[in-house]
Every structure is written in C-alpha cells, then in structure tokens.
DNA sequence: ACAGAAAAGATTGCATACGATTTTTGCGAC
DNA sequence: GTCGCAAAAATCGTATGCAATCTTTTCTGT
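Residue numbers (my numbering), protein chains in the order written: chain G, 1 to 237; chain W, 1001 to 1237.
So this is what it looks like as structure tokens:
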C-alpha cells in the first residue's frame, strides 16, 4: 500500500471550490493569529476581500464554524472563536485521548520517506525558532502544529486526520488566548524525541512521549478565568 | 422518496435555523436507512420537499457533507455517502481509539440521573428488538446508536461528543452496506454489561467491554470488496 | 441498426435582490 | 453631560435568476 500518495493532494485547486480556498486562507490567518479571537468576520467584508459574492463567503464561514474556529450567531454574524477555559480543557482532553493512539498507528507505518519528511519539518521548525520577528513567530506556531498533522497523516486514518486538523487549529486559538510563554522552544525538542521513538519503531515510547508533550503544552496555559468570563464576554470585539 | 412527509409536528424550529432542521431530518433518514447509500439528493428536490429555497437546502447538504454522511461532487450534486471498505475500517479504528476513553470519562461522572437515562434508553432498545416490522428495525438501529451518544454526552466533552455523533452516524451507513446480520440483538446485552460496569464505577471494565463491543460490531461486517470496487464505483447511483 | 454528434433538458455554482433583524446614529429631554 | 428613544445604516437570512456544466435525448451518416 502506498504511503506518500496522500501527502499532498495533487488535485488542481484552481478547479476546486472557491469557498474552500477562502476557508483555507481564513483558517491559516486564524491559526497563526493574524486574526485575533473575537474578530468579526462579516460576510460582506470577506466577500469583497476575496472578490466573491456573499454566497460563497458565507459558505466558507459556515465551514469554519463547523471546525469550531468560528462562532456564528444568528442575525449577528461570524466571529473568530473565543474558546472558554472549559473548551480549552476539552480540546486538550481530546488530544490526550487521540494523539497517543495516532502515534502508535504512525509508528507502525513509518517509512524512510516519512522520516525524511519529518526531518524537514523539524528543521523548518527549528529555523523559525531561531529567527526573530512576529512573522517568524507566526510561522513557528504553524510549523509546530504541522508536526502533529504530519504525524496524523502518517497514521493513515483520514477520519482521525480530520479530527486532528480541527484539534490542532483549535489548540492554536487556545494557546493564543491562554498561552503563557512561547511554548514552542521546549516543544521542539519533544518533537525530536518523538520522531526518534517513531524512527526506531518504539510505538509505546512514542505514545508516552506524545502524552507528556500534550501535558506540557497544556501546563503552559493559564486557564484561570481572568477577571470573570462575563467581563471578557462583555468586552469582546 | 418520502422523507419530510412523515412529519414531526413542526416543533419549535421556527426560531431555529431551518437548514439545521433539514439536516437533522435528512441525517435521521440516512442513519436509519430510509435513504440508501448512493441516493442522489438534489438541491431542488430537497428544497421543494421541505418547502425552502435551494439556498437553504444547499446549506443543509453542505453540513451533511462535512459530517461525511453525504458526498458532493462538483457540478454533479450530493449523494448519500457510499463508504468504501477502507473507510469502514477507519471508522471503526477511530471508534476503537476514542470510545474506550469516553467510557472511562463517563464512568467517573455517572450520576443517578444518568443511570435512569441509560435504563430508559436500554428499555427502548429492547422494546424495538422485540417488535417486528421495518419501522421497529429502523428505530432499533437508531436506538443502538443513541446508547453510544448518550455515553458520549455523559463523558462531558462537547468536542468528543461531536466526533462521536459523526462516527456513530457513519457506522450506521457502514453497517447498512456491509452488515451481515442484525448485529443489534447481541449488541443489546453488551450495552447492558457496559452500563453495569459504569454503574459500579468500574471504569477499566467499562472501557474493556466497550472495546470488545466495537470489535464485535466490526466482526459482523463483511468488508471484502464485492466484485471489485471499480465495478461498484462504476455502477453506483 | 448502430455509433457518434448535436441539441434539449436538468442541475449546479454563483451573484444579486429584498425583507427582517440588529446596530449605530441623531436628537431631544432631563 | 447623559439617558432614552426613534430613524438610519449596516448586516443577515432567504428567494430567485442566469450562466456554466452535466445528462439525456434526438438526429444523422455509414
């Protein structure tokens, strides 16, 4: 069975749905924090921005709302999601449940080609950490998430892969809201350790390392309700 | 096809989103097999059937396509999903990964009220099994899935709950396509055993029973490619 | 009679229009 | 100055129209 056949969907995205393209761009913008949580995404604005009608802009926003990255309120519009501490906990609880299993599955399917892909991924991750500036920081955030997505793609379960896409994206939002430090610098070495375990086929070790990794990421969050959630809700804009 | 005509008395959906209501009805119809896999769901037809414009019918179909219950092809339309054996395996692999963990989480959160709800659920399940006729069989299928959804709701993680909704719905499709027997009769006693374990707070046992339960369901499937997948694909409609 | 081409019909993709709802603005009273 | 309320503007929900694409039927030549 082929492994790399799914790495990059060779489907001509030009012919693909335009709404999907807009969704992807918006998602990237949300994930690497060019769009702050709570930002309003009006259909008209999105439409003119991407030069499409409201119909297709609306479709893109609907997709994002399914992924939990956008919250829509009837007759009020769409906003970049503003996950509560409780939601944040649930995101990480879900990851703790799923990702160790994904690591195990991936360990059993690693090929040299995968190792090469991971190495490139980690190289890029390290490069962005070394760089300075907000742009590098954004790329670093994205690269850190991409490690987990790469792992999910290696695991070879499309359904779980999609779940992970959602969880990673939401994690990015959560970290943006409740993150204390850069988190990623320590995450990088953990990623490397996980890859080592995967490379040596040590599924159990990869799984355990992944669990700890997730714990570490969550431990870096400050999930105490800050000055009451009502205030935050009230001030949201 | 008559989906909408078996009217549930309108409910309060006036204030709710109409697209969502249509999605729910279509989903029910797919899950309990009033709509066979591969059936075409044209926007116009759905629209007239539910007495809405194509715009909102389209939105409902888009939602179902996100859940994996409907597959849309550009310029061709929407069809009730026709999961391949590989997809079927992935659905169950995902459930094996997630549901034991959900059982553990639920075991730690069971309240007397939950037990009552479960008992009622299992009663209903048993009642439909005893009855005869296609209508009872459909209700039985739905009730069987509802047990797992109830468990997910007790676990208290909204994200995982939504994942489970998708997985249960897709399982129903898979069973419709590849199921050998009724599966549910044996499933019922396993559900009861799981509830027992949950009631006694034995999380590990509940988790193990759940894993076996999923294995049993999958074991009842015949996932051999029948007369080649190409043929099935070619003839599908 | 059959294969292939052309036309007719059906269906989707997308834009736009209009009523409904929400938000903002303007203005007068306190 | 600020509070309340009504009008105006903005935004959303939905229906409908048109062009593009796909499917089916009809027609024609061999």
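Idealized CB from N, CA, C, for every residue including glycine. Note that this is a predicted model, so its numbers are computed, not measured.
Nearest-angstrom Cα separation, counted from residue j out to residue i
| i | j | result |
| --- | --- | --- |
| residue 1070 of chain W | residue 1023 of chain W | 11 Å |
| residue 196 of chain G | residue 89 of chain G | 28 Å |
| residue 216 of chain G | residue 1052 of chain W | 50 Å |
| residue 1076 of chain W | residue 1042 of chain W | 9 Å |
| residue 9 of chain G | residue 171 of chain G | With a pLDDT of only 35 at residue 9 of chain G, under the threshold of 50, the placement of this residue in the model should not be trusted, and no figure is reported. |
| residue 1116 of chain W | residue 1087 of chain W | 35 Å |
| residue 236 of chain G | residue 38 of chain G | Any answer about residue 236 of chain G is weak, because its pLDDT of 44 lies below 50 and its placement is not dependable; what the coordinates show is given next. Spanning the two alpha carbons is a distance of roughly 6 Å. |
| residue 1014 of chain W | residue 1204 of chain W | Unreliable positioning characterises residue 1014 of chain W in this predicted model, as indicated by a pLDDT of 48, which lies under 50. The coordinate reading is nonetheless provided below. Taking the straight line from one Cα to the other gives about 44 Å. |
| residue 214 of chain G | residue 194 of chain G | 12 Å |
| residue 1003 of chain W | residue 55 of chain G | With a pLDDT of 42 at residue 1003 of chain W, under the threshold of 50, the modelled position of that residue is not reliable, and no figure is offered here. |
| residue 1221 of chain W | residue 46 of chain G | 46 Å |
| residue 1133 of chain W | residue 74 of chain G | 41 Å |
| residue 1167 of chain W | residue 144 of chain G | 28 Å |
| residue 57 of chain G | residue 1057 of chain W | 17 Å |
| residue 1100 of chain W | residue 1156 of chain W | 14 Å |
| residue 1138 of chain W | residue 1040 of chain W | 21 Å |
| residue 169 of chain G | residue 1044 of chain W | 35 Å |
| residue 1025 of chain W | residue 1063 of chain W | 12 Å |
| residue 202 of chain G | residue 162 of chain G | 25 Å |
| residue 1030 of chain W | residue 68 of chain G | 24 Å |
| residue 1181 of chain W | residue 181 of chain G | 55 Å |
| residue 1034 of chain W | residue 34 of chain G | 46 Å |
Residues that residue i contacts on chain G, provided the C-beta gap is smaller than 7 Å
| i | result |
| --- | --- |
| residue 1157 of chain W | 90, 93 and 94 |
Contact under 7 Å by Cβ, residue i with residue j
| i | j | result |
| --- | --- | --- |
| residue 223 of chain G | residue 178 of chain G | yes |
| residue 1141 of chain W | residue 1028 of chain W | no |
| residue 78 of chain G | residue 61 of chain G | yes |
| residue 188 of chain G | residue 125 of chain G | yes |
| residue 1173 of chain W | residue 1083 of chain W | yes |
| residue 1136 of chain W | residue 1128 of chain W | yes |
| residue 1109 of chain W | residue 1158 of chain W | no |
| residue 1160 of chain W | residue 94 of chain G | yes |
| residue 1152 of chain W | residue 1164 of chain W | yes |
| residue 192 of chain G | residue 122 of chain G | yes |
| residue 1085 of chain W | residue 1225 of chain W | yes |
| residue 1059 of chain W | residue 1019 of chain W | yes |
| residue 66 of chain G | residue 1118 of chain W | no |
Residue closest to residue i, alpha-carbon to alpha-carbon, out of the options
| i | options | result |
| --- | --- | --- |
| residue 207 of chain G | G:190, G:118 and G:146 | G:190 |
| residue 49 of chain G | G:67, G:21 and G:65 | G:21 |
| residue 1147 of chain W | W:1221, W:1044, W:1103 and W:1054 | W:1103 |
| residue 1218 of chain W | W:1080, W:1092, W:1145 and W:1044 | W:1092 |
| residue 1114 of chain W | W:1099, W:1017 and W:1198 | W:1198 |
| residue 200 of chain G | G:139, G:181 and G:106 | G:106 |
| residue 1072 of chain W | G:30, G:181 and G:17 | G:17 |
Contact list for residue i against chain G, beta-carbon separation under 9 Å
| i | result |
| --- | --- |
| residue 1121 of chain W | Those within 9 Å of residue 1121 of chain W in chain G number zero; the least Cβ separation is about 23 Å. |
| residue 1059 of chain W | 58, 59 and 62 |
Partner residues on chain W for residue i, Cβ-Cβ distance less than 8 Å
| i | result |
| --- | --- |
| residue 101 of chain G | 1097 |
| residue 17 of chain G | 1074 |
Contact set between residue i and chain W, taken where Cβ atoms lie within less than 7 Å
| i | result |
| --- | --- |
| residue 27 of chain G | Result: empty, since nearest Cβ-Cβ is about 14 Å, beyond 7 Å. |
| residue 163 of chain G | 1163 |
| residue 41 of chain G | What residue 41 of chain G touches in chain W: nothing, since even the nearest Cβ is about 17 Å away. |
Which runs of the alpha helix (DSSP H) fall wholly inside the stretch 1087-1134 of chain W and span at least 4 residues, in chain order? DSSP runs (the alpha helix (DSSP H)) wholly in the stretch 1087-1134 of chain W: 1112-1130.
As an exercise, report each continuous alpha helix (DSSP H) stretch of at least 4 residues that is fully enclosed by the stretch 1022-1051 of chain W, in chain order. Every unbroken stretch of the alpha helix (DSSP H) spanning 4 or more residues and falling wholly within the stretch 1022-1051 of chain W is given here in chain order: 1043-1050.
Contiguous beta strand (DSSP E) assignments of at least 3 residues, all confined to the stretch 46-83 of chain G: With a minimum length of 3 residues, the continuous beta strand (DSSP E) runs that stay inside the stretch 46-83 of chain G are 70-73 and 77-80.
Length-filtered (4 minimum) alpha helix (DSSP H) runs lying within the stretch 152-193 of chain G: You should have 158-178.
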